[in-house]
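Asker: I'd like to ask you about the structure that follows.
Protein chains in written order, with UniProt numbering: chain F, 1 to 502; chain Y, 1 to 500.
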């Protein structure tokens, strides 16, 4: 591993102004592929989801998936883009074994959507407008698995396996205009943009946009120019950055790397870079000089796409509430501050909390459990919240049991722990673990008596007026009842028995 | 029993009628044609593959249907020679190339399916210029095909196998594909009939692509009516081909049964004449124009200046598209694989395979097209060619405001000797001078025999061009001309061909 010189982030920004371009590929959630009827289901046996069309067999011809076009238009509209009245597919020609036709059916100078913007909110609430250059339709390639070499790279591999199940899955590529003026916040803008875009895609229902599944992939193009200058510097293209955190780290790393190269009198090479999750670094990939020529030309096997204005307007009317506006509404409805709302968003908890309140829980309870106990568990187990084996309805049930006095917070946590451990739904866990608040006054009275007897000195202090000392006795009772007592009631009983006003 | 020599001379319409009436069985008809192939194809080399068992099985099925009293389609039991460019699940599909030697596709082309559904008996696959690139069938990786009129001459191309099969009475019907003239020029030089339907009229699904925006499958036959019957079977919208036209098939059979040019306006284009046209071809063409007049047509002279640019535009567009279409032959999934000895990279294996698997003409066009599409050259070459294409389409539109059909010689010369132009691509390309404008504009055209050139006694083709989706006009005019010529000659032109 070569050591890469980095400038400190602060020094880099003191001298240079970063300009970014973000290219995001979204795999659409259509049932069938972009140009044939094959299933898009993931994780199937290799090459089981293929046909003459997506294998590029001689003679086979593509047919456009209308849902794919509709999804592209929805994305374009949600990004405030113009929708082309007439556009074509184009062939992007290059050889690679996992691309069956050795050209990718894509769009070139006639994208379906263009000239839009997306407002993204930074962590302090500031809104940054990212200009959108275009969104276009294309197909995914197959997948190569290189066997026998190091780290799955082709270098040193003994052979490669090809799986064409992914070949032909519809992709929408969304390209920003150069993002200027973000300064030191460029990495944060990059992350916020991708996060907002992901929320938007999910809200539109066109893809699940799961970055960890490769359903959304980001390329971070970055260049530096001396502060106060206009001309863009040479860019690097960091490919396949596949988490929000990585997007931020990749941008930050490249700023520091570019600055170090430039400060030492070197020049930036226009090249692709690989991003490394382990340490957030990037390493050189292919040189992208101008020799790379995809020989684009209009795809003669497909007729132009000419979405009628009526259809476009119909789709515009059907757009859901956009995520940023929805968050603003929820923030007001929930009565939380900007910081808390941002935390909820970052935790990916918005939809889960909404679903929990829809299932009957008060929003404060829903927030408390998702952002507390469950977030902690998710964090500890390295999962996202929506991957936890607990449903919003189950969380709502726990909240309901607490509100009814059947559980206290401590017991409720144990119930959730049981649900997460796969012991069943909340009622089953309560039943199996015997987790009910002890409300039998007789049993509770005995426990209180025993605690007073065992802690005579403390009891005397309380009788003498140090009411605050009652906490120690409450603790003893709770311990004796294995936490199943209602702590407030225990306190009342203690004070009552010691003849002290609470 | 009808003897073999009688059966093979029958038209498709006659065969179908005799099978339907029980006068002949489909098996007898198939066996007769297989026997003819056995007897002469060694000399002609029209076929790359013969599916004896499949053909006989299909024939038996037709006979069983008839015996069961089922209604038979208009071409049920009629043998056909299929150009080796359409995928067939039960036969290899090589496109005349080494790169697909032995490849048996896992699917049938839409056209193949339609033929089978119509109970047409597919005898086998016919020879062709590799990937349909050529005008002589000399570019086949499997050796040339002889012209039944003179086996030392070319049968036209790329569909020389299909035209030779018809002219040698190996099959009464054949399928061709026409990207720049590959149905019409072979028809012209073999004294047969060939039709390039309107672009989008016949599905391209399963037809191995040469130049997607120009390629069009179509019928080949010995009579205009037979071509129409086949046209009707193979045409129609296909949801698997986005460029296929979603409209009713023009009434071609009805037109072929009611041939007439009475009151029609027939255009003669200035640009389809001049230098390079053989005297005998010009003579027969002029006689054809006189014939049309005598049959009641009005002849109008037309000027289509952009047609002069057609050949140049074609040789930019077709190679450009082919450079992309043929990129898939990379040795990864099917077909030939060369040099995979466990030490070479995928790139090297692809390169070695393409080097060994593609012939010179294919390589020439891939290189030409790759260059024409390159950044910095695109506008000058591919872009300009597309503009010319628009101009040609406009010239046709203007022409068809004045006339119902256009006529021309199909090809400037009669069949040339095998080898004569093999090393001179430009001379070879000129064979398509009159046919190419139609491909660029996407409209329909037919070639039918109009006599023998006096100087060499070889067939001359008359081309009829109609607007898009007016394919029926070709048959209406073609049937009238054919009837008049047969009456004048006293027999079909092919009667004058030497017996093989």
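Where a beta carbon is used, it is the ideal one built from N, C-alpha and C, also for glycine.
Computed from a predicted model, the values in this text were never measured in an experiment.
Helix, strand or coil for residue 186 (chain Y) per DSSP?
Answerer: On the second chain, position 186 is the one that residue 186 (chain Y) refers to. Looking at residue 186 (chain Y) - three-state DSSP - the assignment turns out to be helix.
Asker: Can you check whether the C-beta of residue 64 (chain F) is within less than 8 Å of a C-beta belonging to chain Y?
Answerer: Translated into positions along the first chain, residue 64 (chain F) becomes position 64. For residue 64 (chain F), the answer is yes, since a Cβ of chain Y falls inside 8 Å of its Cβ.
Asker: Please confirm whether residue 469 (chain Y) has its beta-carbon closer than 8 Å to some beta-carbon of chain F.
Answerer: As a working note, residue 469 (chain Y) is residue 469 in the second chain. Not a single CB atom of chain F sits nearer than 8 Å to the CB of residue 469 (chain Y).
Asker: Any Cβ of chain Y within less than 8 Å of the Cβ of residue 293 (chain F)?
Answerer: Within the first chain, the letter at position 293 stands for residue 293 (chain F). At least one chain Y Cβ lies under 8 Å of residue 293 (chain F).
Asker: Report the start-end ranges of each alpha helix (DSSP H) in the UniProt domain "Asn/Gln amidotransferase" (351 to 498) of chain F that is 4 residues or longer and not cut off at the edges.
Answerer: 363 to 369, 375 to 381, 392 to 403, 409 to 420, 426 to 433, 441 to 454, 456 to 463, 470 to 480 and 487 to 497
Asker: Give me the residue from F:60, F:160 and F:173 with the minimum Cα distance to residue 340 (chain Y).
Answerer: Within the second chain, numbered from 1, the residue matching residue 340 (chain Y) stands at position 340. Of the residues F:60, F:160 and F:173, the one whose Cα lies closest to the Cα of residue 340 (chain Y) is F:160.
Asker: Mind pulling the alpha helix (DSSP H) runs of 4 or more residues that sit fully within the stretch 307 to 336 of chain F?
Answerer: 309 to 317 and 323 to 334
Asker: Tell me which same chain residues have a C-beta within less than 8 Å of the C-beta of residue 283 (chain Y), skipping the five on either side of it?
Answerer: Residue numbering aside, residue 283 (chain Y) sits at position 283 when the second chain is read from its first letter. Here the set comprises 453 and 454.
Asker: Keeping to the same chain, check which residues put their C-beta closer than 7 Å to that of residue 400 (chain Y); ignore five residues upstream and five downstream.
Answerer: Taking the first residue of the second chain as 1, we reach residue 400 (chain Y) at position 400. Hits under 7 Å: 467.
Asker: Taking 8 Å as the CB-CB cut-off, is residue 165 (chain F) touching chain Y?
Answerer: Sequence index remark: in the first chain, residue 165 (chain F) carries index 165 (1-based). For residue 165 (chain F), the answer is no, since every Cβ of chain Y falls outside 8 Å of its Cβ.
Asker: Mind checking residue 183 (chain Y): buried by the 16 CB within 10 Å criterion, or exposed?
Answerer: By 1-based counting over the second chain, the position of residue 183 (chain Y) is 183. Label assigned to residue 183 (chain Y): buried.
Asker: Listing by chain order, which chain F residues have their CB less than 7 Å from the CB of residue 206 (chain Y)?
Answerer: The sequence position of residue 206 (chain Y) within the second chain is 206, counting from 1. Result: 59.
Asker: Among residues of its own chain, excluding the 5 on either side of residue 241 (chain Y), which ones have a beta-carbon nearer than 6 Å to its beta-carbon?
Answerer: Along the second chain, read from residue 1 onward, the residue named residue 241 (chain Y) stands at position 241. Contacts found: 203, 204 and 205.
Asker: Can you check whether the C-beta of residue 312 (chain Y) is within less than 8 Å of a C-beta belonging to chain F?
Answerer: For the purposes of this step, residue 312 (chain Y) is taken as residue 312 along the second chain, with counting starting at 1. Judged by the 8 Å Cβ criterion, residue 312 (chain Y) is not in contact with chain F.
Asker: If we count Cβ pairs, one from each stretch, closer than 8 Å, do we get three or more for the stretch 298 to 313 of chain F versus the stretch 67 to 75 of chain F?
Answerer: yes
Asker: Give the straight-line distance between the Cα atoms of residue 117 (chain Y) and residue 79 (chain Y), rounded to the nearest whole angstrom.
Answerer: Within the second chain, residue 117 (chain Y) is the residue found at index 117, counting from 1. Within the second chain, residue 79 (chain Y) is the residue found at index 79, counting from 1. One C-alpha to the other measures close to 14 Å.
Asker: State yes or no: is the C-beta of residue 390 (chain F) within less than 8 Å of the C-beta of residue 420 (chain F)?
Answerer: The sequence position of residue 390 (chain F) within the first chain is 390, counting from 1. The sequence position of residue 420 (chain F) within the first chain is 420, counting from 1. It is a contact, given that the beta carbons lie within the stated cut-off.
Asker: Within 10 angstroms of the Cβ of residue 457 (chain F), are there 16 or more other Cβ atoms? Answer buried if so, exposed if not.
Answerer: Start at 1 with the first residue of the first chain, and residue 457 (chain F) comes out as number 457. Exposed, since its Cβ has fewer than 16 Cβ neighbours within 10 Å.
Asker: Thinking C-alpha only, which one of F:415, F:362 and F:477 is nearest residue 441 (chain F)?
Answerer: In the first chain, residue 441 (chain F) corresponds to position 441, counting from 1. Closest by alpha carbon: F:477.
Asker: Quick one, are the C-beta atoms of residue 103 (chain F) and residue 91 (chain F) less than 8 Å apart?
Answerer: Locating residue 103 (chain F) in the first chain gives position 103, counting from the first residue. Locating residue 91 (chain F) in the first chain gives position 91, counting from the first residue. Yes, Cβ-Cβ distance for residue 103 (chain F) and residue 91 (chain F) is below 8 Å.
Asker: Determine, using beta carbons only, whether residue 300 (chain F) comes closer than 8 Å to chain Y.
Answerer: For the purposes of this step, residue 300 (chain F) is taken as the residue at position 300 of the first chain. Yes, its Cβ sits closer than 8 Å to a Cβ of chain Y.
Asker: What does residue 321 (chain Y) reach in chain F if we use C-beta pairs closer than 7 Å?
Answerer: On the second chain, position 321 is the one that residue 321 (chain Y) refers to. Those within 7 Å of residue 321 (chain Y) in chain F are 300.
Asker: Does the pairing of the stretch 229 to 236 of chain Y with the stretch 261 to 268 of chain Y give three or more beta-carbon distances under 8 Å?
Answerer: no
Asker: Tell me, which residues are paired with residue 220 (chain Y) by DSSP?
Answerer: Your numbering for residue 220 (chain Y) matches position 220 in the second chain. For residue 220 (chain Y), which the question treats as bridged, DSSP gives the partners Y:174 and Y:194.
Asker: Using 8 Å for Cβ pairs, my map puts residue 259 (chain F) next to residue 12 (chain F). What's the rounded Cβ distance?
Answerer: Position 259 of the first chain holds residue 259 (chain F). Position 12 of the first chain holds residue 12 (chain F). Sure, about 3 Å apart at Cβ, within 8 Å.
Asker: Is residue 219 (chain F) helix, strand or coil by DSSP?
Answerer: One-based indexing of the first chain puts residue 219 (chain F) at position 219. Here residue 219 (chain F) sits in strand by DSSP.
Asker: Count the other CB atoms within 10 Å of the CB of residue 136 (chain F); is the residue buried (16 or more) or exposed (fewer)?
Answerer: The sequence position of residue 136 (chain F) within the first chain is 136, counting from 1. When all chains shown are included, residue 136 (chain F) counts as buried.
Asker: From the DSSP output, in three-state form, read off residue 111 (chain Y) for me.
Answerer: If you number the second chain from 1, residue 111 (chain Y) lands on position 111. Three-state result, residue 111 (chain Y): helix.
Asker: Check the Cβ of residue 93 (chain F) against every Cβ in chain Y and list those closer than 7 Å, keeping chain order.
Answerer: As a first step, residue 93 (chain F) is located in the first chain; it is residue number 93 there, counting from the start. Near residue 93 (chain F) (Cβ distances below 7 Å), the residues of chain Y are 324 and 327.
Asker: Taking only three categories from DSSP, how would you classify residue 68 (chain F)?
Answerer: Your numbering for residue 68 (chain F) matches position 68 in the first chain. Helix.
Asker: Given this structure, state the Cα-to-Cα distance separating residue 470 (chain F) from residue 451 (chain F), to the nearest angstrom.
Answerer: If you number the first chain from 1, residue 470 (chain F) lands on position 470. If you number the first chain from 1, residue 451 (chain F) lands on position 451. Distance between the alpha carbons of residue 470 (chain F) and residue 451 (chain F): 11 Å.
Asker: Would DSSP call residue 163 (chain Y) helix, strand or coil?
Answerer: One-based indexing of the second chain puts residue 163 (chain Y) at position 163. Looking at residue 163 (chain Y) - three-state DSSP - the assignment turns out to be helix.
Asker: For the stretch 429 to 438 of chain F and the stretch 454 to 468 of chain F, state whether three or more C-beta atom pairs, one from each stretch, are separated by less than 8 Å.
Answerer: The answer is no - the stretch 454 to 468 of chain F does not touch the stretch 429 to 438 of chain F, with fewer than three Cβ pairs under 8 Å.
Asker: According to a CB-to-CB cut-off of less than 8 Å, which residues of the stretch 410 to 421 of chain F neighbour chain Y?
Answerer: none
Asker: Which same chain residues end up closer than 7 Å to residue 6 (chain F) when comparing Cβ atoms and leaving out the 5 residues on each side of it in sequence?
Answerer: Along the first chain, read from residue 1 onward, the residue named residue 6 (chain F) stands at position 6. If we look at residue 6 (chain F) and ignore the five residues flanking it on each side, its Cβ neighbours are 256, 257 and 260.
Asker: Report buried or exposed for residue 385 (chain Y), applying the criterion of at least 16 other Cβ atoms within 10 angstroms of its Cβ.
Answerer: For this step, residue 385 (chain Y) is matched to residue 385 along the second chain. Flag for residue 385 (chain Y) reads buried.
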